[in-house]
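Okay, so here's the structure we're looking at.
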Amino acid sequence: MTAPVPGDARRGDAVRQSLASFRREREADWKAFEALLTRVEKRAPRTLSEEELLSLPLLYRSALSSLSVARATSLDSALIAYLESLSLRGYFYLYGARRTLRQRIADFFLHDWPGAIRDLWRETLVSVALMFVGTGAGAWLVASDKGWFDAIIPSSLAAGRGPDASAELLRSMLYDGDNGFLSGFAAYLFTHNVQVAILAFALGFAFAAPTVLLMLFNGCMLGALFQVYWAKGLGMELGGWLAIHGTTELFAIALAGAAGMRIGTRIAFPGELTRMAAAAHAGRVAATAMVGVSVMLLFAGLLEGIGRQTITSDITRYAIGGGLLALWIGYFYLFQVVRNGDR
Amino acid sequence: MATARRSALATMRSLITPEGVDLQIKLADAGTRAAAFLLDVVIIATAAIAVTIVALFGVRGFGTDKLQPLFIVWIIAIFFLRNVYFIAFEAGRRASTPGKRIVGIRVASRNGAGLSVDQVIARNLMREIEVFLPLSIIAGWSGMGVADTLTTVFGLVWALLFALFPLFNRDRLRIGDLLAGTWVVEAPKRTLMEDLSARKDPVAKTFQFSHAQLDAYGIAELHKLEEVLRRDDYFALRAVAETIGRKIGSTPQAHDARPFLTAYYGDLRAHLERKLLLGKRKEDKHQR
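Chains A and B are the protein sequences, given in the same order. For reference, each letter of the first sequence is one residue, going 1 to 343 in full-length UniProt numbering. For reference, each letter of the second sequence is one residue, going 1 to 288 in full-length UniProt numbering.
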């Protein structure tokens, strides 16, 4: 073993001194940045003074430059880990999209929601067509053999309705609501329908096949019910009973199905993008549409739970249903706000 | 150790900021994410039970004529817990639910841009087929015949494929992540720790090391030594001091293990940092 060389230790000491002073001089900035970040992550940025707000990006850049220096010259792994985590937190905060809640909500109703629905027009057409095909098939099946009714509509949902039920019973189901529990019923309907819509959307991931089946089956149930009423000469009345909320609800379900089909088909046929990019793009459009769908289902739930039981005139029911449908179509496809500048 | 480093590298992804610095994010592993999810489930379940108990007490307190408003509040609260809990927290400033926050992970956009609300919604709506679909299939199992058991098993396998999706891809993506263009990264909060080489230790000053003694180790060993010193476990310190002492031909007293290692760490780091400045990065002891 060689004897200790004093000169060597001194040269090492010089490096140690300069790195220690690097840390000493920058440490106050890091601590200030950390304290500011902790505050803005917990509370809204408006709690900061103007001075503090302006210092955020400066402190962020100082932390990043410290990180670069430390990575190149220091072997203190705890220090580098600290600076990495601090810079990452700063990066996520400063480069995250910062829109206020009010701006976001306004943007959603003015641009994002109708935009997403317009973007899904092809899938929406397919989805609506599938429902009509299902309705036709359901009606035809029950007309050819009334045993199909029990197969299509579960007895718990049918509640006594069926091919053998009397016209009086069928009529009473359309006009008598039990008036005791209306808004509770509306809340239940809303949550239940949203859950179904989310399922229809999420199942689209399996190359859209389950969603297509769900849309067809939904139509089938409608068709079966319709046939039963039509045979007793109550077709118009059932139409009114359905239309008051159904135009909104069925349209919303069709849109959820369309959103599901979009993600399924884009994963299967990504086009020019990579499969991952195509999926990510489709998912974002579909998610925006789905938020809109839950807003529509909220309307539908209120109409079904309250409006249908209190409004018993066929004409008013048709007018409300038709008016709402016109409103939705106008809002989605005709009303286009020009977007100024970028988002 | 080489395999450990390789597996650590497999979950590192580069994230280059507009300033040109690579922040090197680390993907959260499946176990951490499962733990975070379980914590969230516990929180949601506790909240749901609490809401139900409060609603039941409300029914007893107000009588049945106030049943309807209580029912509405209850059903909306449950709906929010199931669907909105994840979305609301992940759309917030920290992009993580309480469970994720506890284990130190967060959601981030895969392309490095800011996380937008539609991404958060997309990734959380898919939970419906990842979690609730298998659960409802299992729940529907009871009271079924043999033929139905078979279909249930098929359904379950199909549903589990969705649930276990993260285990089958490199980036540990859930289906929701795939569709939203997001991933889950580690974002621990670290505090600045003391600089070990600036530690003032009167005994440590008595140790002097030669150039050859400092050449015995490289950066990998230095980082291990730093870990041991920060953990400050008496027996580990002694064992490490003995090993190093044997290698460099210096035998410290058993009770001097900590000052000895502190002194050696300080000198070794200064030595290697000096080399680094001169353009030579000595990765480990095998590198000459």
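Note that the Cβ used here is the ideal one computed from N, Cα and C, for glycine as well. Fair warning: this is a prediction, and the values are worked out from it, not measured in the lab.
Only residues of its own chain outside the window of five on either side were considered, and among them Ile80 have a CB closer than 8 Å to the CB of Arg71(A), listed in chain order.
Residue burial annotation: Ala63(A) is buried, with at least 16 other C-beta atoms found within 10 angstroms of its C-beta. When DSSP states are grouped into helix, strand and coil, Glu283(B) belongs to the coil group. Legend: CB atoms of the segment 89-108 of chain A lying less than 8 Å from CB atoms of chain B belong to residues Arg89, Tyr91, Phe92, Tyr93, Tyr95, Gly96, Ala97, Arg98 and Arg104. Selection Ala202(A), Thr316(A) and Thr248(A) evaluated against Met236(A) yields Thr316(A) as nearest (Cα-Cα). In the DSSP assignment, Ser109(B) is bridged to Thr182(B). Contact residues of the segment 63-74 of chain A toward chain B are Leu64, Leu67, Ser68, Thr73 and Ser74 (C-beta to C-beta distance below 7 Å). At a C-beta separation below 7 Å, Leu19(A) has these neighbours in chain B: Glu273. In the structure shown, the three-state DSSP call for Met12(B) is strand. Under DSSP, Lys26(B) forms a beta bridge with Met12(B). One finds Leu75 and Ser77 in chain A with Cβ atoms closer than 9 Å to the Cβ of His223(B), taken in chain order. With three or more CB-CB distances shorter than 8 Å, the segment 117-126 of chain B counts as touching the segment 78-95 of chain B. Residues of the segment 228-251 of chain A with a Cβ closer than 7 Å to any Cβ of chain B: none.
Rounded to whole angstroms, the gap between the alpha carbons of Glu84(A) and Ala198(B) is 21 Å.
Collapsing the DSSP output to three states places Phe269(A) in coil. If you check the CB distance, Ile105(B) and Thr17(B) do not come in under 8 Å.
The Cβ atoms of Leu237(B) and Leu272(B) lie no closer than 8 Å to each other. Contact annotation: Ile244(A) and Ile320(A) have beta-carbon atoms nearer than 8 Å. Distance from Ala28(B) to Leu81(B) at the Cβ level is roughly 24 Å; contact not present, criterion being Cβ atoms closer than 8 Å.
Taking the Cα of Leu130(A) as reference, the smallest distance to any Cα among Arg104(A), Val212(A) and Leu298(A) is reached at Val212(A).
Here the segment 201-215 of chain A makes contact with the segment 253-264 of chain A; the two share three or more CB pairs at distances below 8 Å.
Those residues of the segment 198-220 of chain A placed with their C-beta closer than 7 Å to a C-beta in chain B are Ile198, Leu199, Phe201, Ala202, Leu203 and Phe205, ordered along the chain.
For Met193(B), the secondary structure class from DSSP, reduced to helix, strand or coil, is coil. Straight-line spacing of the CA atoms in Ala282(A) and Asp13(A) works out to 59 Å.
Relative to the Cα of Ala163(B), the nearest Cα in the group Phe132(B), Pro252(B) and Asp256(B) belongs to Phe132(B).
C-alpha of Ala32(A) to C-alpha of Arg43(A): approximately 17 Å in a straight line. Annotated three-state conformation of Glu50(A) is helix, per DSSP.
In this structure, the beta-carbon distance from Ala300(A) to Ala252(A) falls below 8 Å.
In chain order, Leu23 and Gln24 make up the part of chain B whose C-beta sits under 7 Å from the C-beta of Glu84(A). Taken through DSSP and simplified to helix, strand or coil, Asn169(B) comes out as coil.
Ala30(B) and Arg127(B) do not touch by the CB rule: their CB atoms are close to 16 Å apart, not below 8 Å.
Under the three-state reduction of DSSP, Leu19(A) is assigned to helix.
Taken through DSSP and simplified to helix, strand or coil, Gln336(A) comes out as coil. Straight across, the Cα-Cα distance linking Glu34(A) with Ser136(B) is about 45 Å. In the three-state DSSP reduction, Gln208(B) falls in the coil class, being neither helix nor strand.
Those residues of the segment 175-188 of chain B placed with their C-beta closer than 7 Å to a C-beta in chain A are Ile175, Leu178, Leu179, Ala180, Gly181, Ala187 and Pro188, ordered along the chain.
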